[in-house]
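Structure first, commentary second.
Numbering (our numbering), first residue to last: 157 to 326.
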């Protein structure tokens, strides 16, 4: 009899029941997938540096751009727990924005972009999901109509009801 899978599951259950969770997922400030056992995870919180070459061959870096956060979580779901699996599939298919807690940091607007899974004898009746997340940014655009007299340059005012115009040479 192989005790390795049994010991692994016992350790995972004890670790999951500890009050200080390393990872958790929230939707609208309510914890979700509470039955999932978080095995491990990682968060990529990085920037891109804008570099420009000079004629002398030197390179200057003048600013940085924060990249959208990316991350991955490995979770175990009990094969009999259909409600957690349905909940996970709903978040994945609908693109629901979740908040991921990793240690003490919170990462909002994270969407599940992949959810491959692996079935193994090491985890008895559980399935190991390797969830990938990416932060999304949503732009809220607004249209504000301006009267012709409010436009600084009259050429930029509305062309409504003026018919087609030929382009002008500058």
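A virtual CB, placed ideally from N, CA and C, is assigned to each residue, including glycine.
| Asked | Found |
| --- | --- |
| At 3 residues or longer, what runs of the beta strand (DSSP E) sit wholly inside the region 238-308? | 254-258, 261-270, 273-275 and 282-291 |
| Among the candidates 283, 226, 183 and 244, whose CA atom is the shortest distance from the CA of residue 234? | 283 |
| Throw me the rounded Cβ distance for the residue 177 and residue 194 pair, which I believe falls under 8 Å. | 7 Å |
| Please tell me whether residue 329 and residue 268 are closer than 8 Å, where the distance is taken between their beta carbons. | Any property of residue 329 remains undetermined from this structure, which presents the chain solely from 157 to 326. |
| So residue 204 and residue 228 are in contact, right, with Cβ under 8 Å, and what is the actual spacing, rounded? | Wrong, their Cβ atoms sit about 20 Å apart, outside the cutoff. |
| May I have the straight-line CA-CA distance separating residue 237 from residue 297, to the nearest angstrom? | 41 Å |
| From residue 214 to residue 206, what distance separates their C-alpha atoms? | 14 Å |
| So, helix, strand or coil for residue 310, using DSSP? | helix |
| By a C-beta neighbour count over all protein chains shown, 10 Å radius and 16 as the cutoff for buried, is residue 188 buried or exposed? | buried |
| At which residues does the beta strand (DSSP E) containing residue 236 begin and terminate? | Run containing residue 236: none; DSSP gives neither H nor E here. |
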